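**Student:**
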Amino acid sequence: MREAPLIEHLEELRSRIIWSLVAWGITTSLAFTFRVQLLDWLKKPLDVFNATSNIKAELIVLNITEPFLTAFKVAAFGGLAFALPFIVYQIWAFIAPGLYDHERRLAVPFLLGAGFSFAAGAVFSYFVLLPFAVPFLLGFLGDVVTPQISIGMYMGQVLTFMGLMGLLFEMPVVSYLLARLGFLTSRFLISNWRIAIVLLVTLAAVITPTVDVVNLSLVALPLLLLYWISIFLVKWAERSRPKEIEEAAA
1 MREAPLIEHL EELRSRIIWS LVAWGITTSL AFTFRVQLLD WLKKPLDVFN ATSNIKAELI
61 VLNITEPFLT AFKVAAFGGL AFALPFIVYQ IWAFIAPGLY DHERRLAVPF LLGAGFSFAA
121 GAVFSYFVLL PFAVPFLLGF LGDVVTPQIS IGMYMGQVLT FMGLMGLLFE MPVVSYLLAR
181 LGFLTSRFLI SNWRIAIVLL VTLAAVITPT VDVVNLSLVA LPLLLLYWIS IFLVKWAERS
241 RPKEIEEAAA
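Going left to right, the sequence shown walks through residues 1 to 250 as the working numbering numbers them.
1. Of all the options H9, V234 and L39, which has the alpha carbon lying nearest to the alpha carbon of P67?
2. Which first and last residues belong to the alpha helix (DSSP H) in which S20 is found?
3. Under 8 Å by Cβ, that's how I've got V61 and I195 pegged, so tell me the actual separation to the nearest angstrom.
4. Which residue marks the beginning of the beta strand (DSSP E) containing I149, and which one marks its end?
5. CA-CA distance, H9 and L168?
6. CB-CB under 6 Å to F77, same chain, minus the five flanking residues each way: which ones, in chain order?
7. Would you list the one or two residues that DSSP bridges to L59?
8. Going by other Cβ atoms of all chains shown within 10 Å of its Cβ, with 16 needed for buried, is I231 buried or exposed?
9. Give, in chain order, every unbroken run of the beta strand (DSSP E) that is at least 3 residues long and sits entirely within the stretch 36-103.
10. Out of S186, A83 and R14, state which residue places its alpha-carbon closest to the alpha-carbon of F94.
11. When the Cα atoms are used, what is the spatial distance from A249 to A179?
12. When the Cα atoms are used, what is the spatial distance from W19 to A81?
13. List, from N- to C-terminal side, the alpha helix (DSSP H) runs of 4 residues or more that fit wholly inside the stretch 215-243.
14. Please look up how many angstroms separate the CB atoms of P45 and P131, rounded, as I've assumed it's under 8 Å.
15. Under 9 Å, do G115 and V88 count as touching if we go by C-beta distance?
16. Answer with buried or exposed for G166, where buried requires no fewer than 16 other C-beta atoms within 10 angstroms of its C-beta.
17. Taking the alpha carbon of I129 as the reference point, which residue from W236, V213, T27 and W24 has its own alpha carbon closest?
Right under this line is the structure:
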């Protein structure tokens, strides 16, 4: 079988990108029809603050385009969440021809794992991180100020936290895939666990919206747990490697 020239690879890449954008556009359009429900759902962490505080925070609009832009931003995030499995499939389909048959069989578990992990990270951020972080930040000065928050800024920050946690929760899935492909070993992860702890805690401190130990722990501890889960999955992947290598050689 002849090797495809560079121009064919570029055309296939363009096709994969276009299909991914089309899928994202379709899911974004569907999410836009439920923009009011999505906005109300994302406002729940703010409702927690209003229910537990003597002062009430209000979402306000600062310019005439902010409602539309905010609704579109929320719909785009929701559309990306729904289109992510298809987009990941397009990425996999592009690189799969260069892999062995046993490596291509990783497609289904990788797609399911990637989608589930991102959703788990976003859900964790929404139900665990934000209900602690939002009241802490808004009530930091007590009754001295009355919070009036731009709806665009609030939704942007909430979506950023959810997106970041969704990506960070992909750590075990990506580690397992790299191990099955032979690019990552459990020995490397175990021998560098001290460095990993420092890096993960530093990362948690960067993305944590507050400076208190409780909220830092809410981010750092799950990341450390994900790291050790990654080690377990990499060990599991390594046990499958010898048989796969023998099959490929045969």
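Ideal Cβ placement from N, Cα and C applies to all residues, glycine included.
If you're wondering where the values come from, they're calculated on a predicted model, not measured in any experiment.
**Tutor:** According to the data block:
1. As a working note, residue 67 is residue 67 in the sequence shown. Ranking H9, V234 and L39 by Cα distance to P67 puts L39 first.
2. Position 20 of the sequence shown holds residue 20. It spans L6 to F32 - the alpha helix (DSSP H) in which S20 sits, taken as one unbroken run.
3. Position 61 of the sequence shown, counted from the start, is the residue given in the question as residue 61. Position 195 of the sequence shown, counted from the start, is the residue given in the question as residue 195. Contact doesn't hold; Cβ gap of about 46 Å is too wide.
4. In the sequence shown, residue 149 corresponds to position 149, counting from 1. Going by DSSP, I149 is part of the beta strand (DSSP E) stretching over Q148 to S150.
5. Your numbering for residue 9 matches position 9 in the sequence shown. Your numbering for residue 168 matches position 168 in the sequence shown. A direct Cα-to-Cα measurement between H9 and L168 gives close to 30 Å.
6. To locate residue 77, count along the sequence shown from 1; it is residue 77. Around F77, the same chain offers L159 as residues with beta carbons nearer than 6 Å, after the five sequence neighbours per side are excluded.
7. As a first step, residue 59 must be located in the sequence shown, where it is residue number 59. For L59, which the question treats as bridged, DSSP gives the partners I149.
8. Taking the sequence shown and counting its residues from 1, one reaches residue 231 at position 231. Buried, because 16 or more other Cβ atoms sit within 10 Å of the Cβ of I231.
9. 58-60
10. The residue labelled residue 94 in the question sits at position 94 within the sequence shown. Answer by Cα proximity: R14.
11. If you number the sequence shown from 1, residue 249 lands on position 249. If you number the sequence shown from 1, residue 179 lands on position 179. Residue placement at A249 cannot be trusted, given a pLDDT of 47 that sits under 50; what the coordinates show is reported in the next sentence. The C-alpha of A249 lies about 19 Å from the C-alpha of A179.
12. Taking the sequence shown and counting its residues from 1, one reaches residue 19 at position 19. Taking the sequence shown and counting its residues from 1, one reaches residue 81 at position 81. When rounded, the distance between both Cα atoms is 16 Å.
13. Taken in chain order, no unbroken stretch of alpha helix (DSSP H) lies wholly in the stretch 215-243 with a span of 4 residues or more.
14. As a working mapping, residue 45 is identified with position 45 in the sequence shown. As a working mapping, residue 131 is identified with position 131 in the sequence shown. Indeed, because the Cβ distance is near 5 Å, the residues count as touching under 8 Å.
15. Here residue 115 refers to the residue found at position 115 when the sequence shown is read from its first residue. Here residue 88 refers to the residue found at position 88 when the sequence shown is read from its first residue. Yes, they are a contact pair.
16. Start at 1 with the first residue of the sequence shown, and residue 166 comes out as number 166. Label assigned to G166: buried.
17. Here residue 129 is taken as the residue at index 129 of the sequence shown, counted from 1. Residue identity differs from the one stated: residue 129 is Leu in this sequence, not Ile. For L129, the nearest C-alpha among the options comes from V213.
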